[in-house]
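Quick note on my numbering: the sequence shown kicks off at 39 and runs consecutively.
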Amino acid sequence: VQLQASGGGLVQAGGSLRLSCAPSGDIFSITRMDWYRQPPGKLREWVSSITSVAGTTNYADSVKGRCTISRENANGTLYLQLNNLKPEDTAVYYCLALVNVRPYWGQGTQVTVSS
Numbered sequence: 039v040q041l042q043a044s045g046g047g048l049v050q051a052g053g054s055l056r057l058s059c060a061p062s063g064d065i066f067s068i069t070r071m072d073w074y075r076q077p078p079g080k081l082r083e084w085v086s087s088i089t090s091v092a093g094t095t096n097y098a099d100s101v102k103g104r105c106t107i108s109r110e111n112a113n114g115t116l117y118l119q120l121n122n123l124k125p126e127d128t129a130v131y132y133c134l135a136l137v138n139v140r141p142y143w144g145q146g147t148q149v150t151v152s153s
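The structure is reproduced here in structure tokens:
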């Protein structure tokens, strides 16, 4: 499985962005997809996840209420809608796909929120 993330950019506080992550390869073996982020100088942290079959979603407390994860059924593309962005949301955002228990990472997309 290969993952191509896109959609990052520079946005003012209070703005919105939609991140995308396009999988290729054996996409029907993906059991779950996640978004992680790594703020400057900090460890990578989990943001949100969505399961492939039931579509169950989960969110970190830091983004709950401001963020929506979704996945397109036709081609498996993963999205993360980020609203009411804050400077502390500045990070490189990574998508992850789980095939059984094996993780596959995308290359990351930079989100910068100015105050």
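We put the beta carbon where it would ideally sit given N, CA and C, even for glycine.
Residue i, DSSP secondary structure in three states
{"i": "glutamate 83", "result": "strand"}
{"i": "serine 67", "result": "helix"}
{"i": "aspartate 99", "result": "coil"}
{"i": "proline 173", "result": "With the chain represented from 39 up to 153, any question about residue 173 goes unanswered, as that position is not in the structure."}
{"i": "arginine 104", "result": "coil"}
{"i": "alanine 92", "result": "coil"}
{"i": "proline 78", "result": "coil"}
{"i": "alanine 135", "result": "strand"}
Test item: CB-CB of residue i and residue j under 7 Å
{"i": "leucine 118", "j": "arginine 70", "result": "no"}
{"i": "tryptophan 73", "j": "valine 85", "result": "yes"}
{"i": "alanine 129", "j": "arginine 75", "result": "yes"}
{"i": "glycine 144", "j": "leucine 81", "result": "no"}
Beta-ladder partner(s) of residue i, from DSSP
{"i": "glycine 47", "result": "Val149"}
{"i": "proline 215", "result": "Coverage of the chain is limited to positions 39 through 153, which leaves residue 215 absent and any answer about it impossible."}
Neighbourhood of residue i by C-beta distance below 8 Å, restricted to the same chain and skipping five residues each side
{"i": "arginine 109", "result": "Met71, Ile88, Ser90, Gly93, Thr115, Leu116 and Tyr117"}
Contacting residues, own chain, Cβ-Cβ under 7 Å from residue i (five flanking each side not counted)
{"i": "glycine 45", "result": "Leu55, Arg56, Leu57, Ser58 and Thr147"}
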